[in-house]
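**Student:** Residue 118 in my numbering sits at position 118 of the sequence shown, with consecutive numbering throughout.
All C-beta atoms, glycine included, are put in the ideal place defined by N, C-alpha and C.
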Amino acid sequence: MIIGAVAFPRAVARNPILALFAMLLAAGGAHAESCQEDFQKLTVKRMAGIEALNAIGKAGKGKMDPEAACPAARRLVAVETEMMNYLTKNKEWCNIPDNVVDGFKDARGKTQSFASQACAAAAKVKEMRDQAAAGGGGGMMAPPKLPAGPL
Numbered sequence: 001m002i003i004g005a006v007a008f009p010r011a012v013a014r015n016p017i018l019a020l021f022a023m024l025l026a027a028g029g030a031h032a033e034s035c036q037e038d039f040q041k042l043t044v045k046r047m048a049g050i051e052a053l054n055a056i057g058k059a060g061k062g063k064m065d066p067e068a069a070c071p072a073a074r075r076l077v078a079v080e081t082e083m084m085n086y087l088t089k090n091k092e093w094c095n096i097p098d099n100v101v102d103g104f105k106d107a108r109g110k111t112q113s114f115a116s117q118a119c120a121a122a123a124k125v126k127e128m129r130d131q132a133a134a135g136g137g138g139g140m141m142a143p144p145k146l147p148a149g150p151l
């Protein structure tokens with residue numbers, strides 16, 4: 001992919017965030033610097049959210065704890081929504097191509113889907129825990145009482 005007079009590898013072209021950075025770097029001008037600074041701040045927040053989710057997965061040895069993942073995923077969705085709003089609002093000013101905006105919309109949609117799944121699983125875990133605490137056992141019968149005393 002060539003942006004301005006600079007060639008970028010395909011990995012950059014496929015990643016909307018990297019492609020946007022590359023485009024902003026190549027664009028030049030005062031407004032491009034402003035766009036780059038603003039977007040870089042948002043990207044730092046997004047990466048912190050991704051790292052938080054990765055840490056949760058690593059702590060669970062590859063399995064996500066839905067109760068921990070739900071709030072982290074919601075925070076990441078909020079940051080990506082903020083980024084999406086920035087891209088949409090400043091598309092013309094920052095010379096952001098449509099394919100970058102569309103690619104980011106797709107990435108944000110995947111994050112939203114993950115957050116929905118994590119939060120639904122967390123709600124189910126809480127429900128099961130509440131039922132077990134109330135003696136309901138989550139639909140399972142209570143174990144039979146064993147006879148006491150000498151046999």
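Does DSSP classify residue 25 as helix, strand or coil?
**Tutor:** Numbered from 1 along the sequence shown, position 25 holds the residue referred to as residue 25. Note that residue 25 has pLDDT 49, beneath the 50 cutoff, so the model's placement of it is unreliable and no number is given.
**Student:** Quick one: Cα of residue 126 to Cα of residue 98, how far?
**Tutor:** Here residue 126 corresponds to residue number 126 of the sequence shown, with the count starting at 1. Here residue 98 corresponds to residue number 98 of the sequence shown, with the count starting at 1. About 42 Å.
**Student:** To the nearest angstrom, report how far apart residue 95 and residue 44 are at their CA atoms.
**Tutor:** Indexing the sequence shown from 1 puts residue 95 at position 95. Indexing the sequence shown from 1 puts residue 44 at position 44. Rounded to whole angstroms, residue 95 to residue 44 spans 21 Å at the Cα level.
**Student:** Hey, would you say residue 88 sits closer than 9 Å to residue 77, going by beta carbons?
**Tutor:** Sequence index remark: in the sequence shown, residue 88 carries index 88 (1-based). Sequence index remark: in the sequence shown, residue 77 carries index 77 (1-based). No, they are not a contact pair.
**Student:** Taking C-beta to C-beta, are residue 48 and residue 56 nearer than 9 Å?
**Tutor:** Here the question's residue 48 lines up with position 48 in the sequence shown. Here the question's residue 56 lines up with position 56 in the sequence shown. Not a contact, by the Cβ cut-off of 9 Å.
**Student:** Determine the burial state of residue 129: buried for a count of at least 16 other Cβ atoms within 10 Å of its Cβ, exposed for fewer.
**Tutor:** Here residue 129 refers to the residue found at position 129 when the sequence shown is read from its first residue. By the 10 Å Cβ count, residue 129 comes out exposed.
**Student:** With a 10 Å radius around its C-beta and 16 neighbouring C-beta atoms as the bar for buried, classify residue 111 as buried or exposed.
**Tutor:** As a first step, residue 111 must be located in the sequence shown, where it is residue number 111. Classification for residue 111: buried.
**Student:** Can you list, in chain order, the residues of its chain with a C-beta nearer than 7 Å to that of residue 67? Leave out the 5 residues immediately preceding and following it.
**Tutor:** Translated into the one-based positions of the sequence shown, residue 67 becomes position 67. These residues qualify, in order along the chain: 122, 125.
**Student:** Answer with buried or exposed for residue 37, where buried requires no fewer than 16 other C-beta atoms within 10 angstroms of its C-beta.
**Tutor:** Mapped onto the sequence shown, residue 37 falls at position 37. Classification for residue 37: exposed.
**Student:** So the alpha helix (DSSP H) residue 106 belongs to, where does it begin and stop?
**Tutor:** On the sequence shown, residue 106 is found 106 positions in, with the first residue counted as 1. Residues 98-133.
**Student:** Out of curiosity, what's the CA-to-CA distance linking residue 65 and residue 91?
**Tutor:** Along the sequence shown, one-based indexing puts residue 65 at 65. Along the sequence shown, one-based indexing puts residue 91 at 91. So the alpha carbons of these two residues sit roughly 37 Å apart.
**Student:** Could you pull the start and end residues of the alpha helix (DSSP H) that residue 80 belongs to?
**Tutor:** Position 80 of the sequence shown, counted from the start, is the residue given in the question as residue 80. Looking at the DSSP string, the run of the alpha helix (DSSP H) that includes residue 80 is 66-89.
**Student:** In this structure, does DSSP put residue 54 in helix, strand or coil?
**Tutor:** Your numbering for residue 54 matches position 54 in the sequence shown. Helix.
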